[in-house]
Amino acid sequence: MQTPTFFKSRSFFNAYPVGEMVRGLFLSSILWIFLALAVYTVYSMVLGAK
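Numbering (numbering that gives the first Met the number 0), first residue to last: 0 to 49.
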C-alpha cells in the first residue's frame with residue numbers, strides 16, 4: 000500500500016537548511032575576524048609610526 004503524498008513528511012533538515020545557515024554564519028564570522036585583525040594591524044602600524 001502506498002502512502003499518500005500529503006502524509007509524507009519532509010525531515011526538519013530538508014525543510015530548513017540549518018547546515019547551510021550555520022556554515023554561512025561560521026564563514027561570515029571568520030571573515031569579520033580577519034577584517035578586525037587587519038584593521039587592528041594597520042591601526043597599530045600607524046600609531047607606531049608616530
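The beta-carbon is built from N, C-alpha and C at its ideal position, and this holds for glycine as well.
Helix, strand or coil at residue i [DSSP, three-state]
i: Y42; result: helix
i: S10; result: coil
Contacting residues, own chain, Cβ-Cβ under 8 Å from residue i (five flanking each side not counted)
i: Y15; result: none
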